[in-house]
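Asker:
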Amino acid sequence: MGRFDGGSRGGFRRFDDRPVEKHKAVCSECKQECEVPFKPTEGRPVFCSECWKKRNPRF
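Counting along the sequence shown from 1, when you hit position 43 you're at 42 in numbering that gives the first Met the number 0, and nothing is skipped either side.
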């Protein structure tokens with residue numbers, strides 16, 4: 000199954016093993032440019048993988 004953090008394959012994957020389209024965004028916390036596996040929605044926060052891990056330690 001695909002993993003948000005990229006897993007051991009080094010990239011986002013779908014269930015059928017095709018690469019997921021990545022979208023550029025700016026992290027709402029650290030303000031660094033990042034890529035996310037979804038199209039960001041205006042007005043909603045986006046977090047880079049490091050900030051996401053800090054906010055959600057169980058992932």
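We treat Cβ as the ideally placed atom computed from N, Cα and C, and that holds for glycine.
Just so it is clear, the structure is predicted and the values come from calculations on it, not from any experiment.
What three-state label does DSSP hand cysteine 29 in the structure shown?
Answerer: The DSSP-derived three-state label of cysteine 29 is coil.
Asker: DSSP on lysine 53, reduced to helix/strand/coil?
Answerer: helix
Asker: Around the C-beta of valine 35, are 16 or more other C-beta atoms found within 10 angstroms, so that it is buried, or is it exposed?
Answerer: It is buried - the Cβ of valine 35 has at least 16 other Cβ atoms within 10 Å.
Asker: Under the assumption that valine 45 contacts cysteine 26 (Cβ atoms under 8 Å), give the Cβ distance between them as a whole number of angstroms.
Answerer: Confirmed, Cβ separation roughly 6 Å.
Asker: Candidates Lys23, Phe14, Val19: which alpha carbon is nearest glutamate 41's?
Answerer: Lys23
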